[in-house]
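Residue numbers (UniProt numbering): 1 to 422.
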DNA sequence: TCTGGGGTCCTAGGACCC
DNA sequence: TCTGGGGTCCTAGGACCC
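Here you go:
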């Protein structure tokens, strides 16, 4: 038997915004996705007003205004930096820590299993609060899937007061019988529908499925899920970050793009950013895909999706090589006469830079490496886009909207909060 | 005017091989 | 006229996650 906990930050992006702006406390707050498109985080007050995850901001604008909901553009630099602090606050409470997402961390609590784990979890929550101000909930159970479920129960049911320890089988069954099948981690819309067709609507019923039935209805994924709900771990708390398989830089445009030069400018910026990400992770890529498409939500408008995949040999993390490949892809896939609203670059076949296969005719790789290092340093020190290739252009009409972005409170010296005594 | 941006894993089916 | 029985690898697409 293992003992797993999941600690999850409440309304994470909103809580990060509130950490540096007390005026947001007690009022409804929504954090919008890139381009100020959708609601991706909501304070409890905003949830109470009926704002749903993924609601398009422009469709609910009136309601937001009427209730005085504060809308913040997303500030991922801030959220990423705050995550580091949360993880640091949590580490001493577990033997192993797996960062699962920007606001969730799995903990191996096996060595602490004979303590009162509710007390243990509350001490951990206090520490996170003190270090970051961020409120959290904790779920404890024998497997990760059950810990996820326990966490959801801790959040939803006031009875638990923020910490649900479901190691006790009787309590666990009680919760599972009342937990909607579609809310179980790993059960999405398609699977929920299939389950409902055979009368399965609770987590308890999924747990009681025959393995063969689970396999037949879904795939091995559902089979594993049944095992996890039965308390048999199908996945462990993983400390080591797995090798990444792919990487992407994609953005919607603030205004539609009609000409290839402007599109190239956007794609050039994404290529530069993709190279930077590769180098940060010490990786090289073997394949680059570029795509661009029209607004699929717009009925009646001409629709087109352009995409090309280019092999990169030698494998590379050189932004200028990525840029050249992306340009060739755009040229090949371009079609006049459409209003493009989104483009992106995806990298595949990722390999650690030091394991990169060598080829003949590579050119002066070291010199280019030094150029890229210099580029990263300049842009790191003086801000993004200080040094850019001419192809990126100087006008960025297409750039995304972020009208209510909070400052980089914790990561840029010129934007740290100041306190005045007057 | 207007709907995010990342990721992972699994399966089916085609191409190709002996 | 006859037309096996395995393999592997790759890709596209679906489903799911935050």
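Heads up, the beta-carbon is just placed ideally off N, CA and C, and yes, glycines get one too. Since this is a predicted model, take the numbers as computed values, not measurements.
{"Asked": "Enumerated in chain order, which unbroken segments of the alpha helix (DSSP H) with a length of 4 residues or greater are wholly contained in the region 38 to 71?", "Found": "44 to 48, 57 to 66"}
{"Asked": "Quick check on the burial criterion: 16 or more other C-beta atoms within 10 angstroms. Buried or exposed for residue 210?", "Found": "exposed"}
{"Asked": "So what's residue 81 in DSSP terms, helix, strand or just coil?", "Found": "helix"}
{"Asked": "If you follow the beta strand (DSSP E) that residue 4 is part of, which residue opens it and which one closes it?", "Found": "4 to 9"}
{"Asked": "Quick one, which of 101, 57, 370, 168 has its alpha-carbon nearest residue 1's?", "Found": "168"}
{"Asked": "When the Cβ atoms of the region 144 to 155 are set against those of the region 20 to 30, are three or more pairs found closer than 8 angstroms?", "Found": "no"}
{"Asked": "Under DSSP, the beta strand (DSSP E) around residue 252 begins and ends at which residues?", "Found": "247 to 257"}
{"Asked": "Quick one: using the 10 Å Cβ neighbour count with 16 as the cut-off for buried, is residue 120 buried or exposed?", "Found": "buried"}
{"Asked": "Cα-Cα, which of 298, 311, 295, 247 is closest to residue 283?", "Found": "247"}
{"Asked": "Using the C-alpha atoms, what's the distance from residue 410 back to residue 370?", "Found": "29 angstroms"}
{"Asked": "Excluding the 5 residues flanking residue 56 on each side, which residues of the same chain have their C-beta closer than 7 angstroms to its C-beta?", "Found": "37, 38"}
{"Asked": "Note the first and the last residue of the continuous beta strand (DSSP E) segment covering residue 99.", "Found": "96 to 101"}
{"Asked": "Provide the residue span of the alpha helix (DSSP H) that contains residue 205, from first to last.", "Found": "203 to 207"}
{"Asked": "From the DSSP output, in three-state form, read off residue 435 for me.", "Found": "An answer regarding residue 435 cannot be provided, because it is not within the stretch 1 to 422 covered by the chain."}
{"Asked": "If residue 294 and residue 301 are in contact, beta carbons under 8 angstroms, what's the gap, nearest whole angstrom?", "Found": "6 angstroms"}
{"Asked": "Are at least three pairs of beta-carbons, each pair with one atom in the region 101 to 119 and one in the region 43 to 61, less than 8 angstroms apart?", "Found": "no"}
{"Asked": "Suppose you measure from the CA of residue 151 to the CA of residue 136; what does that come to, to the nearest Å?", "Found": "10 angstroms"}
{"Asked": "So what's residue 350 in DSSP terms, helix, strand or just coil?", "Found": "coil"}
{"Asked": "In the DSSP assignment, find the unbroken alpha helix (DSSP H) run with residue 320 in it and report its ends.", "Found": "319 to 333"}
{"Asked": "Apart from the five residues on each side of it in sequence, which residues of its chain come closer than 7 angstroms, Cβ to Cβ, to residue 273?", "Found": "249"}
{"Asked": "Going along the chain, which residues of its own chain have a beta-carbon closer than 7 angstroms to the beta-carbon of residue 122, five neighbours each way excluded?", "Found": "163"}
{"Asked": "Examine the Cβ distances between the region 66 to 74 and the region 106 to 118 and report whether three or more of them are shorter than 8 angstroms.", "Found": "no"}
{"Asked": "Buried or exposed for residue 406, please, with buried defined as at least 16 other CB atoms from any protein chain shown within 10 angstroms of its CB.", "Found": "buried"}
{"Asked": "Taking residue 118 as the reference, which of 359, 7, 317, 311 has the closest Cα?", "Found": "7"}
{"Asked": "Give every residue of the same chain whose Cβ lies closer than 8 angstroms to the Cβ of residue 49, excluding the five residues on either side of it in the sequence, and list them in chain order.", "Found": "28, 63, 67, 69"}
{"Asked": "Just the C-alpha distance for residue 251 and residue 93, rounded to the nearest angstrom, thanks.", "Found": "38 angstroms"}
{"Asked": "What residues in its chain sit with their C-beta under 7 angstroms from that of residue 86, if we drop five residues either side in the sequence?", "Found": "9, 128, 132, 134"}
{"Asked": "Any idea if residue 298 is buried or exposed, counting beta-carbon neighbours within 10 angstroms, 16 or more meaning buried?", "Found": "exposed"}
{"Asked": "Kindly indicate which three-state DSSP category residue 269 falls into: helix, strand or coil?", "Found": "helix"}
{"Asked": "Could you tell me the distance, in whole angstroms, from the CA atom of residue 257 to the CA atom of residue 341?", "Found": "6 angstroms"}
{"Asked": "Identify whether residue 186 lies in helix, strand or coil by the three-state DSSP scheme.", "Found": "coil"}
{"Asked": "For residue 140, count the other beta carbons within 10 Å of its own beta carbon; 16 or more makes it buried, fewer makes it exposed. Which is it?", "Found": "buried"}
{"Asked": "Please say whether residue 296 and residue 303 have beta carbons closer to each other than 8 angstroms?", "Found": "yes"}
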